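Below: one structure, written as structure tokens.
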Amino acid sequence: MLDKSKINVGDTHSEVVVEDLKRTQIVQYAGASGDYNPLHSDEIFTTKVVGYPSVFAHGMLSMGLTGKMLTNYVGDASLKKFGVRFTNQVWPGDTLTSKATVMSIREEDGETLVDLNIETTNQDDVTVITGSAVALAK
Amino acid sequence: MSKKDMPIEKSHIMMFARSIGDPNPIYYDEDHANDSDVGSIIAPPTFTQASAQFDPDYFLRPKIDGKGWFGSGKEPTGAKKEGSSSGGDGGGAAMGLHAEQHFEYHRPVRPGDILTPETKPGKTWEKDSKRAGKLKFSESVTEFRDQNGELVVTAIGVGVQTEKPVEN
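Going down the list, the protein sequences come from chains A and B.
Add 1431 to a position in the first sequence, counting from 1, and you land on the number used in our numbering.
Take the second sequence: its position 15, counting from 1, is numbered 1 in our numbering, and each next residue is one higher.
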């Protein structure tokens, strides 16, 4: 859990959450999550029928990868809220870096809450996820 | 159990954590988890999305009867063409993308929980975009309650139907 005596507004934490994303990891996510949309695993359908250049990651895989950075930072079972917008697609071969920034630290109903800004970018510095989170601190 | 109930199992949590590349032992190592402040294995924050596994009618899973799937087989799309009004050749159905996802956590999800999702439609709105034509957004709000009726996770999803594939 975050320690309020050790964090300040403006602090950041970032991690590379995936390097050179493989199609197989996208398939693995399809199997675990149950979302078998062929856009994520079926290159023939996605390129020939729908017209994308290749399969691409589930938004929720990008969010899951982003969440890994977040829980590494705020600790296990400490999240109160986590929300994102998917601003660009994530493709096989992408390397993603996720960053959390402390926006505010506040007391509410006897708890210390930390508001975080979330951003995940790819290797070309294109933002693929923007979002926010609220975490419990001690 | 209602027909969409999601029984939380530690092997499913482990597989899900692997799929997001998260090696945190709180998601699979019982000894570590039981000795931690959290007290047991828990699920990663986005895990309730896997409730799709337990919806018998989930439209993005090929059904056991083999009918109606829109991925490639002998042809690039395996779907039978059924007129053009309902999204047509399957490409229409595949144009749905996930625009936003928000979670509120009321307590951690743990193995042994049985979560019952209840989904209600939320707002809908439209927007024009240069990269994908007309965008139709729709929100859905899902409350996951446990076996005691207590709220565990609230999930708000926003889907978008695009007029054409998103240009990059």
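Note that beta-carbon positions come from the ideal geometry of N, C-alpha and C, so glycine has one too.
All of these numbers come straight from a predicted model, not from anything done at the bench.
> For the putative contact between B/Pro42 and B/Lys(-11), defined by C-beta atoms under 8 Å, what is the C-beta separation to the nearest angstrom?
Replying inline: 6 Å
> Applying a beta-carbon distance threshold of less than 9 Å, which residues of chain B neighbour A/Thr1502?
Replying inline: Asp8, Asn10, Ile12, Pro30 and Pro31
> Would you say the segment 94 to 105 of chain B touches the segment 1524 to 1538 of chain A, given that touching needs at least three Cβ pairs under 8 Å?
Replying inline: no
>> Strictly by DSSP, which residues pair up with B/Lys150?
In response: Per DSSP, none; premise fails for B/Lys150.
>> Once the 5 residues before and after A/Met1500 are set aside, which same chain residues still bring their CB inside 6 Å of it?
In response: Glu1446, Val1448 and Ser1529
> So, is the C-beta of B/Lys46 closer than 7 Å to a C-beta in chain A?
Replying inline: The question names Lys, yet the displayed sequence has Leu at residue 46 of chain B. With 7 Å as the cut-off, B/Leu46 counts as an interface residue toward chain A.
> Taking B/Ser124 as the reference, which of B/Thr32, B/Glu86, B/Met1 and B/Gly57 has the closest Cα?
Replying inline: B/Glu86
> beta strand (DSSP E) containing B/His84: first to last residue?
Replying inline: Gly82 to Tyr91
>> So B/Met1 contacts chain A; which residues on that side make the cut at Cβ distance below 7 Å?
In response: Ala1463
> What is the C-beta distance between A/His1489 and A/Asp1473, in whole angstroms, given that I count them as a contact (C-beta under 8 Å)?
Replying inline: That pair is no contact at about 13 Å.
>> Output needed in chain order: residues of the segment 1502 to 1521 of chain A with a Cβ under 8 Å from some Cβ in chain E.
In response: No chain E appears in this structure, whose protein chains are A and B.
> At what residues does the alpha helix (DSSP H) containing B/Glu16 begin and finish?
Replying inline: Glu16 to Asp21
>> Quick check on the DSSP output: what are the complete alpha helix (DSSP H) runs of length 4 or more inside the segment 1432 to 1485 of chain A, in order along the chain?
In response: 1454 to 1464
> Could you check where the beta strand (DSSP E) with B/Arg213 kicks off and where it finishes?
Replying inline: Not covered by the structure: residue 213 of chain B. The range shown for chain B is -13 to 154.
> Is B/Ser22 near the ligand SAH, judged by its Cβ being under 6 Å from some heavy atom?
Replying inline: What this structure holds is no ligand at all, so the ligand SAH is not there to describe.
> Hey, out of B/Lys60, B/Ser126 and B/Arg93, whose CA is closest to B/Val146's CA?
Replying inline: B/Ser126
>> So with CB distances below 7 Å, who are the chain B contacts of A/Pro1523?
In response: Simply none; closest approach about 13 Å.
> Is the beta carbon of B/Ala29 sitting closer than 7 Å to the one on B/Val95?
Replying inline: yes
> Can you name the residues of chain A whose CB is closer than 9 Å to the CB of B/Ala85?
Replying inline: Gly1490, Arg1516 and Phe1517
>> By the three-class DSSP mapping on this structure, what secondary structure does B/Lys122 have?
In response: strand
> Do you know offhand how far A/Asn1553's Cα is from A/Met1432's?
Replying inline: 28 Å
> Does the Cβ of A/Ser1464 have 16 or more other Cβ atoms within 10 Å, making it buried, or fewer, making it exposed?
Replying inline: buried
> Where DSSP assigns a beta bridge to B/Gly143, which residues make up the other side?
Replying inline: B/Gln87 and B/Ser126
> Which residues in chain A sit within 7 Å of B/Pro42, going by Cβ to Cβ distance?
Replying inline: Residues of chain A passing the Cβ test: none, with the nearest at roughly 11 Å.
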